[in-house]
Amino acid sequence: MDRLFVGPSLVCLGLIAAVCSAEEAPLRVVAGRVTDEEGSPIEGALIEWGHYHTLFGGGNETTRTGPDGSYRLESRKIGHEYRLGVSALGNAPRWWDHFIPGRAEDPSQADFALQPGGVLRGTVVDEDGAPLEGIAILAMSVSEGFYSSFSMPSVSYPFPGPPHVGTTDAEGRFEIVDLPATESKVVGMTPEKKVIHREEPRKFMLCRQGKASYSTLQTVTCGEEARIVIRRRWLGSRESTPGVVRGVVLDAETNQPIPRFKLGIRHRAGLHSFEDPHGNFVLDELIEEHQYEVHVFAEGYAPGLLGDDENPDHAVGTAPSDERRFVCRLQRSQSYKGMVVDPDGRPIEGAEIVFGVYRGAPSSPYFEWATFEKYADGYMSLDHVQRMTTAADGRFTFSEGSTAGCLAVRAEGFGRVYYEAEQRPVLDDAGEAKVALARANASIRGVVRCNGQPVPNSEVSLWRHGNHGYSSRVETDEQGEFVLPHLDSSKYTLTIEVERDASSHIEYKRVLSLESGEARELDVDLKEGPLTLYGKAPRFCRVSLKQQLDEDYEITYHTIGSPDGRYLITGLNVDFYDLEVRTPGSTLHGTMGSEWEPQEIVVAKDQEWDLSRGGFK
């Protein structure tokens, strides 16, 4: 067994109590005072404390301010995604992300000065411009960011307090009050690397309350006039307006029907197979008047899209009694054919394959194995997605056009492979590609300890070098143990993340190589030291200390700057560390923005380092 005693180690902040003990979590307390912008106390203001995913909509712990505007809130719940919010009638709500309530003997102080609430007005009409009465419109935060292999948009959430809703009158007009009309955004940095903030109008997302997917989303600011269009059919149930898509698939050169083909709908996993001598088909269980991007696949042809003269790339759901048909004319092209085989060249039955073309790029160096089942047309920017499971002969066939597709293959008992378009196996003289899978008969079994005590619920992930995406991701059990089975002979990066408290965690990384059939055992014991690094830092910045223990493994200690502009990292030993600071970006979810260059430091004693001015002191 490899026994790794990591000496210069844990940034603790009570780690032993937090993750190595089954005792009840300690009581946390936050106290403060709520006033208006002139300093007068606000009585009855609502204070909310809860997890980010409760969305200020329920399940939070709450209290109210007294006549002098003061409050005290107690909780045993903390976490880096918890937030503290305050709201009061006639005022704009405020909140703190990444807030850390103090212990009962040393409560955190959080005072709020609320500004007058903003007002947002607008009109709701149907598709013909007629006003809609009695429609409840909800104002929420704007989602920021985009979907990719390495990112996703921030969640749109309601603001603290009762839902910010306006209901339309007979003229379709609505009004939403008590909104936070402005927000502070990072707009630059001084030569001294001090972050510059500026108050800007806040944008809101408007949607029909509880029916976001049944209305046209609008992004507006207070003072702008919103106009929301809701189709009349959306005011009823989806089941009341069933629809179908009828069509025909033809050869583009001969205009003759193609008798065997498959159809896939964008953002839906799975393909529909059809056989008809006239090339006809009917897709049912759809919604009338809804647009669908339907991909068409046939052996010997390039993928195509179903449409008509008005919408060549989309088909529209029609009533079941409607005989309207959409047409797809496919161009002839060579299909990508092959066989999945084991190391001895024998076909593998039951191999699962994802094949597709990346939109806007010839290929992608990344495949997310953890979400293999989710891959469908449109997922991770992949187009013309085709999936299949091999039969006893191990063979596969995929429709392909002028752009080569990427290939991901997995099978039980074998290592996974992902080929970018330019790296996939080429066709042999028989017009087939051989995809060989290595046997996955190696494994890693280990235990994660803190000062000799097991650490449960730590995330353990494994990245296979040269094979994009995580091969495995598990959590340690109550004894701190984990198992990563079915691995093939390769080099891997093992990552262990130990969450310590509301705002910090440890990230342990080690590079290791496995031989075929090897059963590797690891005992990772993290030891805390006596030294502390502390000081001023930008609010909610991320402070990271990386310790390179040798060329094969490292430990990085992450913490978040507190709301009062301080940071604290304990449990260090004498050693060299790379210190890195990232300041918060402009979003409300802790997205990191501007970054300062890392600097190597020596921790030889309890030390104060001032990071508040964008440099190191």
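If you read the sequence shown in our numbering, its first letter stands for residue 361, the second for the next number, and so on. We put the beta carbon where it would ideally sit given N, CA and C, even for glycine.
Excluding the five sequence neighbours on either side, which residues of its own chain have a C-beta within less than 7 Å of the C-beta of residue i, listed in chain order?
i: Asp-966; result: Leu-891 and Thr-892
i: Glu-968; result: Tyr-894 and Gly-895
i: Val-962; result: Phe-936
i: Ala-964; result: Val-934
Skipping 5 residues on each side, what residues in its chain have a beta carbon closer than 6 Å to that of residue i?
i: Arg-393; result: Gly-429, Ser-430 and Asp-471
i: Glu-599; result: Annotation note: pLDDT 44 at Glu-599 (below 50); position unreliable, no value reported.
i: Thr-423; result: Ile-407, Tyr-431 and Leu-433
i: Lys-563; result: Val-502, Thr-579 and Thr-581
i: Lys-622; result: Leu-631, Ser-633 and Phe-657
i: Glu-531; result: Pro-491
i: Arg-784; result: Leu-767
i: Val-834; result: Val-820 and Phe-842
i: Glu-838; result: Pro-816
i: Arg-481; result: Glu-535
i: Arg-606; result: Val-642 and Arg-685
i: Ala-752; result: Glu-709
What does a CB cutoff of less than 8 Å around residue i pick up in its chain, not counting 5 residues either side in sequence?
i: Gly-925; result: Lys-896, Ala-897, Pro-898, Arg-899 and Ser-972
i: Glu-733; result: Ala-629
i: Asp-912; result: Arg-870, Val-871 and Leu-872
i: Arg-463; result: Pro-386, Leu-387, Arg-388 and Val-389
If the criterion is Cβ atoms closer than 8 Å, does the pair residue i and residue j meet it?
i: Val-528; j: Ile-495; result: Per the sequence shown, the amino acid found at residue 528 is Thr instead of Val. In contact: Thr-528 and Ile-495 (Cβ atoms closer than 8 Å).
i: Ser-447; j: Ala-473; result: no
i: Ile-497; j: Phe-534; result: yes
i: Ile-713; j: Leu-797; result: no
i: Pro-619; j: Leu-610; result: no
i: Ala-879; j: His-846; result: no
i: Gly-716; j: Gly-639; result: no
i: Pro-680; j: Val-604; result: yes
i: Gly-450; j: Pro-467; result: no
i: Arg-685; j: Val-608; result: yes
i: Leu-874; j: Ser-849; result: yes
i: Gly-754; j: Val-700; result: yes
i: Gly-710; j: Thr-749; result: yes
i: Pro-520; j: Trp-455; result: yes
i: Ser-741; j: Tyr-726; result: no
i: Tyr-652; j: Ala-675; result: yes
Over what stretch of residues does the beta strand (DSSP E) that includes residue i continue unbroken?
i: Gln-569; result: No beta strand (DSSP E) contains Gln-569, which DSSP labels as neither H nor E.
i: Asp-913; result: The residue asked about is misnamed: residue 913 is Tyr in this sequence, not Asp. Start and end: 913 to 920.
i: Ser-864; result: 864 to 874
i: Pro-845; result: 841 to 847
i: Val-884; result: 879 to 886
i: Lys-794; result: 793 to 796
i: Glu-819; result: 819 to 824
i: Ala-764; result: Neither: Ala-764 is in no beta strand (DSSP E) and is coded neither H nor E.
i: Arg-809; result: 802 to 810
i: Val-745; result: 742 to 749
i: Arg-684; result: Neither: Arg-684 is in no beta strand (DSSP E) and is coded neither H nor E.
i: Val-580; result: 578 to 581
Which residue or residues does DSSP assign as beta-bridge partners of residue i?
i: Pro-707; result: Val-701
i: Glu-659; result: Note: Glu-659 sits in no beta bridge, so no partner.
i: Gln-469; result: Ala-391
i: Glu-960; result: Asp-938
i: Ser-447; result: Leu-406
i: Ala-496; result: Thr-527
i: Thr-930; result: Thr-892
i: Glu-421; result: Trp-409
i: Thr-855; result: Ser-821 and Lys-869
i: Leu-690; result: Asp-611
Figure out for me which residue from the options has the closest Cα to the Cα of residue i.
i: Leu-886; options: Asp-702, Gln-813, Thr-943 and Gln-908; result: Gln-813
i: Arg-436; options: Val-390, Pro-401 and Glu-487; result: Val-390
i: Leu-690; options: Ser-922, Asp-669, Glu-709 and Leu-665; result: Leu-665
i: Thr-943; options: Ile-556, Arg-481 and Ile-402; result: Ile-556
i: Ile-915; options: Glu-465, Trp-456, Asp-935 and Val-777; result: Asp-935
i: His-304; options: Lys-869, Gln-907, Leu-444 and Pro-845; result: Nothing about residue 304 can be reported from this structure: the residues present for the chain run from 361 to 977 only.
i: Tyr-794; options: Gly-889, Thr-836, Ala-730 and Pro-703; result: One detail in the question is off: residue 794 reads as Lys in this sequence, not Tyr. It is Pro-703.
i: Ser-864; options: Ile-460, Arg-454, Thr-731 and Ser-400; result: Ile-460
i: Tyr-852; options: Thr-836, Val-858 and Lys-869; result: Lys-869
i: Asp-538; options: Thr-757, Ala-452 and Val-903; result: Ala-452
i: Leu-646; options: Asp-636, Ala-662, Glu-888 and Ile-625; result: Ile-625
i: Arg-692; options: Gly-667, Ser-759, Gln-651 and Ala-752; result: Ser-759
i: Thr-731; options: Ser-832, Glu-670 and Cys-810; result: Ser-832
i: Ala-781; options: Val-484, Tyr-696 and Ala-751; result: Tyr-696
i: Ile-929; options: Glu-888, Gln-908 and Asp-910; result: Glu-888
Are the C-beta of residue i and some C-beta of chain C separated by less than 8 Å?
i: Val-843; result: In the displayed structure, chain C is absent; only one protein chain is listed.
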